[in-house]
C-alpha cells in the first residue's frame with residue numbers, strides 16, 4: 004500500500020490467492036476487494052507490498068477516498084500582485100470539489116476562482132487566484148474539501164508582480180538513426196513561464212527542415228474554423244527567411260491557453276526523416292497574446308501587416324474581435340473535465356485565416372495568412388515595417404535559437420539528451436529547471452527480448468538541487484506515459500498484452516537524494532503469477548526490428564543550486580543495464596553556466612557635431628556565451644531615454660538629429676543565453692549639434708508633408724523658399740539614406756508631388772537648398 008500520506012497500513016497477503024469480495028480496512032473505511040487478472044484494484048496508483056512480504060505478492064492500489072484529506076506541497080510558492088496566479092496543491096484524499104483560500108490576519112481573504120479550481124488524479128488541486136493589487140506578504144493556504152480543512156501555514160507569498168517570461172526549447176538527442184520503416188522518432192518541446200503571473204494565450208512555434216515530416220504532436224487542437232474550407236490554410240508555414248537568415252523550414256504555430264507562473268510542461272512530437280544528414284529544429288515562445296482581455300496590439304499589429312500586404316487596412320476592430328472569438332475556446336477547454344490528461348491548443352494559422360475571412364479581407368485566408376506569419380517570423384523585416392509600435396516588437400520576438408540534429412545510418416541509440424545550449428560548451432542560463440531525457444533500445448540484431456532494463460543515472464549533488472528533482476514521463480515503444488507533477492518516486496504497472504506481448508511491465512523510479520543516484524527499473528512480470536519472466540524468448544523490450552517496439556525512455560527535470568558561477572560545467576551520463584549484461588554507458592551531456600550579464604558602452608563622441616548626421620558606435624564583451632544584440636537608447640535635451648533601435652547586431656549606425664539639440668546615448672547588451680545588461684546611471688556618450696549646422700527658418704519658410712502618414716504618395720507644400728533646385732533625401736530608422744532626388748522650387752507657394760516606392764515604416768525626410776536644411780518625420784503605411 005502507498006503509505007506516504009497515511010499512518011494506517013493494512014497489508015493483504017496474496018500468497019494463497021484472494022477471494023472476490025474480501026474486505027479490507029484502511030483509515031477506518033471498509034472497501035470491497037475487486038480481483039482482475041490476479042491484481043487487486045482499489046483505485047489510485049499502483050504500488051507493491053515489496054519489502055513487507057515477498058516481491059511476488061499481488062499488486063493492489065488504494066483510492067483517494069480512503070486517505071484523509073492532506074496537503075503536503077504546493078507550486079509555485081509565490082505569485083505576483085499584477086495578474087492571475089495558478090497554484091497546484093499536492094496531497095491525498097483530494098476528490099471532492101474544494102475551496103482554496105489565501106488568508107492572513109488583518110487583510111481580506113483571497114478566494115480562488117471557483118470555475119478555475121479543479122481536482123486531478125485524486126491527489127492534486129489546481130486553483131487560480133486574482134492577485135491584482137493584493138497586499139504583499141505571506142499567506143496561509145486553506146484547503147476546504149469534503150468537510151475537512153487543511154491549513155498550510157505561511158505556504159504562499161504575494162510578491163510584486165513580474166510580467167510572464169515564457170520560453171520553449173526542444174529537448175533532443177544529438178543524433179538519431181535513419182529508419183524509413185519507422186513510424187517516427189519522438190522529441191520533446193519543453194516550455195514554461197518564469198514570471199510571477201500566469202501567461203494566457205502563449206504562441207509556441209516549432210520549426211523543422213522542410214524535408215522532415217511531422218508525424219504527430221501530442222496536442223488536442225481546437226476545431227478547424229467553420230468559415231474555412233479544407234485546404235484554405237495550411238497546418239504549417241513554409242519559410243525561407245527566419246530572423247533575416249536564409250532557411251528552408253516549415254513552421255508550426257500553436258497557441259496554448261494558460262501557462263501558469265512557475266510552470267514547466269512538455270509537448271511530445273514525432274518526426275520522420277526521409278534521408279540522412281543534418282536537419283534544423285527549433286522551438287520558441289513569443290509573448291502572451293492575452294493580457295486579460297486579448298491585447299489590443301494583437302489586432303493593431305496584424306492590421307498593419309495586412310495593410311502592408313494587400314494595401315488595405317481592415318476597418319474598426321474586426322480582426323481583433325474575430326481573433327478573440329476564435330481563440331477564446333482554448334480557455335473554455337481548461338474547464339473541461341478531461342483537461343488534466345489533454346493539452347489543448349489553437350492553431351495560430353487557422354485562427355488568422357478564420358479572422359481574415361470573417362472580416363472580408365480575402366475570400367480564403369491561405370496566401371495572406373502565410374504572408375502574415377512569414378513577416379512575424381522574419382523579425383528584422385517586421386521591425387523595419389512597424390517600428391512605431393513597440394508592443395508589436397514585444398509580441399513578435401524574441402529570436403529563435405537554431406539547432407541541428409544529425410540523422411545517421413548507424414549510431415548508439417542508448418543516449419542521454421539535455422537542454423541545447425550555445426556553442427560547443429553549450430552555454431545556458433538556467434532560469435528554468437534543466438530537462439533530461441535518457442533513451443534506451445534493444446538493438447534489432449539482439450537474440451532475445453530484454454526481461455529487465457535498469458538505468459542508473461548519477462546526478463551531481465554539487466551542482467544539482469535534488470530537492471527540486473521531478474519525474475515527467477516515460478515511454479515504452481510508441482506509448483508515452485505522463486507522470487503526475489511533483490513526483491520524485493513513481494511505480495506503475497503497464498499491461499503490454501494489447502501490443503501482443505503477453506507480459507506486464509512493472510516500472511519504478513527512485514531517487515537517492517544523498518548519493519544522487521536516480522534508478523529507473525523496467526521489469527517484466529508474468530500476468531498470471533506476477534513472477535518475473537524467465538522464458539528464453541520472453542521479455543518486455545523486444546529486439547527493435549519494427550521500430551519503435553524495442554525502445555523506451557525516461558524524462559525528468561531538476562534545478563541547479565543557486566549561486567553557481569559562470570563557467571560551471573554541468574555534466575551527466577547514465578549507465579543502462581539489459582538483464583545481466585555489462586552496462587552501456589551513454590554519452591555525457593554537458594552544459595556550461597553563463598549567469599553574468601554582458602557589458603557594453605557607446606564610444607566617445609565629439610562634444611559638438613557640425614552635421615545633422617554623424618556615426619554612433621559601441622562595443623561590448625561577455626564572459627560566457629558572447630554578446631548577441633544591443634539596444635541603443637537616446638535622450639534628447641536631457642529628457643527621458645527612448646529605445647531608439649532594439650536588437651541590433653551591428654555596432655555602428657548613422658544617427659540623424661536636429662540642429663541645436665543635445666543628445667545622450669547608452670547601450671544595453673544581451674548575450675546569447677538572455678542575460679541582459681543593467682542600464683547605466685549616466686550616459687556613455689553625449690554630444691550637441693551646432694545650431695548653425697542646419698537652419699529651420701519657419702519665419703520665412705513654411706514646409707509640410709500632406710498627408711502624413713501616407714502610402715508613399717504625398718504633396719510637399721513649400722512657401723517662402725527662393726526659386727531654384729533643392730535636394731530631397733529620405734533616411735530610414737538607422738540613419739541610412741535610402742533615396743535622393745532633385746525637386747524644383749518655384750519661388751512661391753507650391754505643392755510638389757512626391758512618389759516613393761518604399762516599405763511601410765518610419766522615415767526622416769530632409770530638404771536642402773543652399774546652406775539651409777529642413778527635416779520632418781515621414782510615416783509610410
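In the working numbering, the protein residues as written are 4 to 784. Where is the CB? At the ideal position from N, CA and C, for every residue including glycine.
- Message: I want to know whether the stretch 276-296 touches the stretch 208-215 - three or more CB-CB distances under 8 Å.
- Response: yes
- Query: For the candidate residues 757, 89, 144, whose alpha-carbon lies nearest to that of residue 129?
  - Reply: The residue labelled residue 129 in the question sits at position 126 within the chain shown. Taking only the C-alpha atoms, the option nearest residue 129 is 89.
- Item | Inter-residue CB distance, residue 604 and residue 678 (contact presumed, cutoff 8 Å) | As a first step, residue 604 is located in the chain shown; it is residue number 601 there, counting from the start. As a first step, residue 678 is located in the chain shown; it is residue number 675 there, counting from the start. Contact flag wrong, Cβ pair sits at about 17 Å.
- Query: What is the DSSP secondary structure of residue 329, reduced to helix, strand or coil?
  - Reply: Here the question's residue 329 lines up with position 326 in the chain shown. In the structure shown, residue 329 sits in a helix (DSSP, three-state: H, G or I).
- Query: Which term fits residue 785, buried or exposed, when burial requires 16 or more other beta carbons within 10 angstroms of its beta carbon?
  - Reply: Any answer about residue 785 is impossible in this case: the structure gives the chain only from 4 up to 784.
- Three or more C-beta pairs closer than 8 Å, one from the stretch 618-632 and one from the stretch 668-686: is that the case here? yes
- Task: Alpha carbon to alpha carbon, how far is residue 216 from residue 252? Give it in angstroms, no decimals.
- Result: On the chain shown, position 249 is the one that residue 252 refers to. On the chain shown, position 213 is the one that residue 216 refers to. Taking the straight line from one Cα to the other gives about 11 Å.
- Query: Cβ of residue 589 within 7 Å of Cβ of residue 577?
  - Reply: Working through the chain shown from its first residue, we reach residue 589 at position 586. Working through the chain shown from its first residue, we reach residue 577 at position 574. Closer than 7 Å, so yes.
- Task: Going by CA-CA distance only, name the one from 509, 606, 597, 468 that's closest to residue 562.
- Result: Position 559 of the chain shown, counted from the start, is the residue given in the question as residue 562. Comparing Cα-Cα distances from residue 562 to each of 509, 606, 597, 468, the minimum goes to 468.
- Query: Among 428, 199, 475, which has the Cα closest to the Cα of residue 438?
  - Reply: Residue 438 sits at position 435 when you count from the first residue of the chain shown. It is 475.
- What is the rounded straight-line gap between the Cα of residue 727 and the Cα of residue 620? To locate residue 727, count along the chain shown from 1; it is residue 724. To locate residue 620, count along the chain shown from 1; it is residue 617. Roughly 37 Å separates the two Cα atoms.
- What separation, rounded to the nearest whole angstrom, lies between the Cα atoms of residue 615 and residue 569? As a working mapping, residue 615 is identified with position 612 in the chain shown. As a working mapping, residue 569 is identified with position 566 in the chain shown. Rounded to whole angstroms, residue 615 to residue 569 spans 43 Å at the Cα level.
- Task: Return the chain-ordered ranges of every alpha helix (DSSP H) run that is complete within the stretch 552-599 and spans a minimum of 4 residues.
- Result: none
- 6 Å CB neighbourhood of residue 579 in its chain, flanking five on each side removed: In the chain shown, counting from the first residue as 1, residue 579 sits at position 576. Closer than 6 Å at the Cβ level, and outside the excluded window around residue 579, lie 417, 443, 458, 587.
- Opening and closing residue of the beta strand (DSSP E) in which residue 139 lies: Stepping through the chain shown from its first residue, residue 139 is reached at position 136. It is not in any beta strand (DSSP E) - residue 139 carries neither H nor E in the DSSP assignment.
- Could you name the residues that DSSP lists as bridge partners for residue 287? As a first step, residue 287 must be located in the chain shown, where it is residue number 284. Paired residue(s): 208.
- Item | Validate contact between the stretch 749-760 and the stretch 709-726 using beta carbons, cut 8 Å, 3 pairs | yes
- Sort 256, 117, 431 by Cα distance to residue 148 and report the nearest one. As a working note, residue 148 is residue 145 in the chain shown. The candidate whose alpha carbon is nearest that of residue 148 is 117.
- Item | Distance CB(residue 74)-CB(residue 146) smaller than 7 Å | Stepping through the chain shown from its first residue, residue 74 is reached at position 71. Stepping through the chain shown from its first residue, residue 146 is reached at position 143. In contact: residue 74 and residue 146 (Cβ atoms closer than 7 Å).
- Where residue 788 falls: helix, strand or coil (DSSP): Residue 788 lies beyond the range of the chain shown here (4 to 784); nothing can be said about it.
- Message: Would you call the stretch 92-107 in contact with the stretch 495-512, where contact means no fewer than 3 C-beta pairs closer than 8 Å?
- Response: no
- Message: Here's a check: name, in chain order, each residue in its chain whose Cβ is nearer than 6 Å to the Cβ of residue 648, leaving out the five neighbours to either side.
- Response: For the purposes of this step, residue 648 is identified with residue 645 of the chain shown, where counting begins at 1. These residues qualify, in order along the chain: 635.
- Message: Check for me: the beta strand (DSSP E) holding residue 351 runs from which residue to which?
- Response: In the chain shown, counting from the first residue as 1, residue 351 sits at position 348. Counting along the chain, residue 351 falls outside any beta strand (DSSP E), though it belongs to the alpha helix (DSSP H) covering 351-361.
- Would you mind stating whether residue 264 and residue 82 have Cβ atoms separated by less than 7 Å? As a position in the chain shown, residue 264 is number 261, starting the count at 1. As a position in the chain shown, residue 82 is number 79, starting the count at 1. For residue 264 and residue 82, yes; Cβs fall inside 7 Å.
- Report yes or no: do three or more beta-carbon pairs, one from the stretch 538-545 and one from the stretch 485-496, lie closer than 8 Å? no
- Task: Reducing DSSP to helix, strand and coil, say where residue 305 ends up.
- Result: Translated into the one-based positions of the chain shown, residue 305 becomes position 302. Looking at residue 305 - three-state DSSP - the assignment turns out to be helix.
- Query: If you draw a straight line from the C-alpha of residue 225 to the C-alpha of residue 353, how long is it?
  - Reply: Residue mapping note: residue 225 aligns to position 222 of the chain shown, counting from 1. Residue mapping note: residue 353 aligns to position 350 of the chain shown, counting from 1. When rounded, the distance between both Cα atoms is 10 Å.
- Keeping to the same chain, check which residues put their C-beta closer than 6 Å to that of residue 755; ignore five residues upstream and five downstream. Taking the first residue of the chain shown as position 1, residue 755 is located at position 752. 719, 746.
- Message: Is the beta carbon of residue 781 closer than 7 Å to that of residue 768?
- Response: Numbered from its first residue, the chain shown carries residue 768 at position 765. Numbered from its first residue, the chain shown carries residue 781 at position 778. Cβ distance < 7 Å, so residue 768 and residue 781 count as in contact.
- Message: Looking only at its chain, what residues have a beta carbon closer than 6 Å to the beta carbon of residue 79, apart from the 5 residues adjacent to it on each side?
- Response: Locating residue 79 in the chain shown gives position 76, counting from the first residue. Closer than 6 Å at Cβ, skipping near neighbours: 264, 265.
- Can you tell me the Cα-Cα spacing of residue 630 and residue 430, whole angstroms? Here the question's residue 630 lines up with position 627 in the chain shown. Here the question's residue 430 lines up with position 427 in the chain shown. Using only the alpha carbons, I get a separation of about 12 Å.
- Taking Cβ to Cβ, would you say residue 159 is nearer than 7 Å to residue 144? As a first step, residue 159 must be located in the chain shown, where it is residue number 156. As a first step, residue 144 must be located in the chain shown, where it is residue number 141. Taking 7 Å as the Cβ cut-off, residue 159 and residue 144 qualify as a contacting pair.
- Going by Cα to Cα distance, which pick from 161, 664, 478 is closest to residue 556? Position 553 of the chain shown holds residue 556. Minimum Cα distance to residue 556 is reached at 478.
- Item | Cβ neighbour criterion (16 or more within 10 Å) applied to residue 652 | Walking along the chain shown from the start, residue 652 turns up at place 649. Label assigned to residue 652: exposed.
- Assign residue 770 to one of three DSSP states: helix, strand, or coil. What you label residue 770 is simply residue 767 of the chain shown in a count that begins at 1. In this structure, residue 770 counts as strand in the three-state DSSP scheme.
- Task: Please list, in chain order, all residues of the same chain as residue 526 whose beta carbon is under 6 Å from its beta carbon, the five residues on each side excluded.
- Result: Translated into positions along the chain shown, residue 526 becomes position 523. Contacts found: 455, 509.
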